[in-house]
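Residue numbers (my numbering): 78 to 214. Yeah, the Cβ is synthetic: ideal placement off N, Cα and C, and Gly gets one too. Take a look at the structure below.
Structure, rendered in structure tokens:
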């Protein structure tokens, strides 16, 4: 039984390390900020999930206990990673839109402009009582 558990834990650790490596490589190699978001938020999340499953299997097989630490780490990761990626993307789109930064050449091309008089979803219409100095910041 212990040889089987060791093989399963080793395979999960190697799988997790491979996903983390692929995510890190994508962060370095992809040309634009929008494309760089996918490396850490997708592959690294899968890699950490695999490492946490390996931890659960190891501690249950060796010590006979179930731990909640891995569940809490997973919950924290699945809540914070998409939110932080969404906020980074919104800031990036805003900075490209106002001309503060140039979008580098990308396989997908530049982000499309909103149709007509529309704007990105991050820019909602100001409330009636919003002071003019803070309406479009």
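Q: Could you tell me whether the stretch 130-141 touches the stretch 159-177, using the rule of 3 or more Cβ pairs below 8 angstroms?
A: The stretch 130-141 vs the stretch 159-177: no contact.
Q: Leaving out five residues on either side along the sequence, give the residues of the same chain with a beta carbon under 7 angstroms from the beta carbon of residue 106.
A: Same-chain partners within the cutoff: there are none.
Q) Are the stretch 170-179 and the stretch 122-135 touching by the rule of at least three beta carbon pairs closer than 8 angstroms? A) Taking 8 angstroms as the limit for Cβ pairs, the verdict is that the stretch 122-135 does not touch the stretch 170-179.
(Q) Less than 6 angstroms between C-beta atoms, sequence neighbours within five positions excluded: which residues of the same chain meet that for residue 92? (A) Same-chain partners within the cutoff: 127.
**Q.** Unbroken alpha helix (DSSP H) run spanning residue 102, endpoints
**A.** Residues 79-106.
Q) Roughly how many whole angstroms lie between the Cα atoms of residue 103 and residue 171? A) If you draw a straight line from the Cα of residue 103 to the Cα of residue 171, it comes to about 23 angstroms.
**Q.** Exposure label - residue 118; buried when at least 16 CB within 10 Å
**A.** Buried: at least 16 other Cβ atoms inside 10 Å.
Q: Go ahead and pull the three-state DSSP assignment for residue 114.
A: In this structure, residue 114 counts as coil in the three-state DSSP scheme.
**Q.** For residue 176, three-class secondary structure by DSSP
**A.** Here residue 176 carries a coil assignment [DSSP, helix/strand/coil].
Q. How should residue 153 be labelled, buried or exposed, when 16 other C-beta atoms within 10 angstroms of its C-beta is the threshold for buried?
A. Answer is exposed; the Cβ neighbour count stays below 16.
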